[in-house]
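In terms of my numbering, the sequence shown is residues 1 to 161.
Written below as C-alpha cells is the structure these notes are about.
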Amino acid sequence: MKSKKLSLFIAINLAFFLTLYITGETESIDVKEYINTYSDKTKYVLVDNGRMDNIVQSGSLGDFYNCISNFQSIRSRNAKPGISKSWKLWVSDDIFIKINTAQNETYSFYLEKRSGGKLIGLSDSYAVNCSFDLLNVTDKRTISVDKNWTPIEHDIYKYHN
Numbered sequence: 001m002k003s004k005k006l007s008l009f010i011a012i013n014l015a016f017f018l019t020l021y022i023t024g025e026t027e028s029i030d031v032k033e034y035i036n037t038y039s040d041k042t043k044y045v046l047v048d049n050g051r052m053d054n055i056v057q058s059g060s061l062g063d064f065y066n067c068i069s070n071f072q073s074i075r076s077r078n079a080k081p082g083i084s085k086s087w088k089l090w091v092s093d094d095i096f097i098k099i100n101t102a103q104n105e106t107y108s109f110y111l112e113k114r115s116g117g118k119l120i121g122l123s124d125s126y127a128v129n130c131s132f133d134l135l136n137v138t139d140k141r142t143i144s145v146d147k148n149w150t151p152i153e154h155d156i157y158k159y160h161n
C-alpha cells in the first residue's frame, strides 16, 4: 500500500510540474483580438497538417472569415459524421488557424502563434460550422516544400501568389 501511495504522489507531482512547464512556455491568445485584425481579403496558405511539406492551396479568406468570426464555445461543436482531417491555415508569418474538418466543413479551430518555428502561444478551441467552399481559392496546386519550412524563412505567399 505504501508503494502505491508513493507512486501516486510521484505521478501527481510529475503531472503538476509538466503542466507548469508547458503552460509557462506559452502565452494564452485571445481569439477575438487576432480575428479582428483579419478580413475577407486576408491572404492564406492552406497546409495539410499531416504533411507540412505540402502546400495545398492559397487565396483569401473570403466568406470563410465572416463565418469563422461567429465562433461559439467548443461545447456547441457539431461535427459531421465521417473522417476528420486537420489543416493549418497560415494567415501571417507567425499565426496559423488550426482547423478540423469533416465532410468539407470546418467544425472547430484554434489559433497557434510561432516564432522561429517554436510554439509561443495558443488560444482555446472554438466551434464553428463553416464550409471549406467559403475560402476564396486563387491556386489549388499542391506544392512540395522542405518539410521544415517556416513562413518566416520562406515567404508563404510566393508559392501561390
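Glycine included, C-beta positions come from ideal geometry on N, C-alpha and C.
Please read these numbers as outputs of a predicted model, since none were measured by experiment.
Taking 8 Å as the cut-off, decide whether the C-beta atoms of isoleucine 99 and tyrosine 34 are in contact. Here residue 99 is taken as the residue at index 99 of the sequence shown, counted from 1. Here residue 34 is taken as the residue at index 34 of the sequence shown, counted from 1. Not a contact, by the Cβ cut-off of 8 Å.
Below 8 Å CB to CB, which residues in the same chain sit around cysteine 130 once its five sequence neighbours on both sides are set aside? Against the sequence shown, residue 130 aligns to sequence position 130. Only Phe64, Cys67, Ile68, Glu105 and Thr106 meet the Cβ criterion.
Quick check on DSSP: helix, strand or coil for arginine 114? Position 114 of the sequence shown, counted from the start, is the residue given in the question as residue 114. When DSSP states are grouped into helix, strand and coil, arginine 114 belongs to the strand group.
According to the neighbour-count rule (16 or more other Cβ atoms, all chains shown, within 10 Å of its Cβ), is threonine 101 buried or exposed? Here residue 101 corresponds to residue number 101 of the sequence shown, with the count starting at 1. Buried, because 16 or more other Cβ atoms sit within 10 Å of the Cβ of threonine 101.
What is the DSSP secondary structure of tyrosine 65, reduced to helix, strand or coil? Reading the sequence shown from its first residue, position 65 is the one you call residue 65. If DSSP states are grouped into helix, strand and coil, tyrosine 65 belongs with the helices.
Could you check where the alpha helix (DSSP H) with valine 31 kicks off and where it finishes? Within the sequence shown, numbered from 1, the residue matching residue 31 stands at position 31. Where valine 31 is concerned, the enclosing alpha helix (DSSP H) stretches over 31–35.
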